[in-house]
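Numbering (my numbering), first residue to last: 303 to 524.
Beta carbons are placed, not taken as given, at the ideal position from N, Cα and C, and that holds for glycine.
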């Protein structure tokens, strides 16, 4: 019998490639990132992680761009209190000048006394005007300051009347004064009372219910 001859050119292609058809191919080092492998799951971002910088042209919100709360309209009571304080300041200046002229002093000192009275009158009138302006703008500190000053003016006026009454009833003081009265004239007394009453009335108007809403601190609302 003749044996079939085996031609080397007719070998199995799998044998030529050097791989065993029964054993699976082992992945090489370049097969880990192949298309058949699933990608690794992404980790959720930590809330404490650093945020990336904003792109160019992004403006961070600042206090200049924050909306401002609209102040309520000027109440009639506050506006009236403003003019009452202005009137009280003007009358206070007049009473200060009248008091300097009525005060008796040594000869040749009349000009000095009037100069001091003008300075004091301008200073106190400026305080009246300053408080009136800031009260009209709704500043609560001005309302509190005006309240304290009005209360002090009322107390000082009552104390001055009590002091004058005590001095007028003292015979020794009357003898030293030669019978001259220490009490100011009726017109000056009326002006002093009017100044105090105007200030007290203005303070009362500032503490009424419509005025309280105007003096409350304004909150920024979005």
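Out of curiosity, what's the CA-to-CA distance linking residue i and residue j?
i           : j           : result
residue 425 : residue 394 : 11 angstroms
residue 516 : residue 443 : 13 angstroms
residue 382 : residue 467 : 35 angstroms
residue 406 : residue 384 : With a pLDDT of only 49 at residue 406, under the threshold of 50, the placement of this residue in the model should not be trusted, and no figure is reported.
residue 256 : residue 441 : With the chain running from 303 to 524 in the structure shown, residue 256 is simply not present.
residue 446 : residue 478 : 43 angstroms
residue 514 : residue 416 : 41 angstroms
residue 460 : residue 519 : 35 angstroms
residue 458 : residue 465 : 10 angstroms
residue 496 : residue 505 : 14 angstroms
residue 414 : residue 512 : 47 angstroms
residue 423 : residue 489 : 18 angstroms
Would residue i and residue j qualify as a contact pair, given that the criterion is a beta-carbon distance under 8 angstroms?
i           : j           : result
residue 398 : residue 494 : no
residue 433 : residue 419 : no
residue 500 : residue 438 : no
residue 388 : residue 450 : no
residue 427 : residue 452 : no
For the candidate residues the options, whose alpha-carbon lies nearest to that of residue i?
i           : options            : result
residue 390 : 469, 460, 502      : 502
residue 454 : 469, 498, 421      : 498
residue 386 : 473, 490, 508, 456 : 508
residue 510 : 373, 378, 489      : 378
residue 436 : 500, 380, 375      : 380
residue 491 : 401, 451, 504, 471 : 401
residue 487 : 422, 512, 456, 463 : 463
Please confirm whether residue i has its beta-carbon closer than 8 angstroms to some beta-carbon of chain D.
i           : result
residue 435 : Of the chains in the structure shown, none is chain D; there is only one protein chain.
Next item on the list: Taking only runs that begin and end inside the stretch 429 to 477, name each unbroken beta strand (DSSP E) of 3 or more residues, in chain order.
Entry: none
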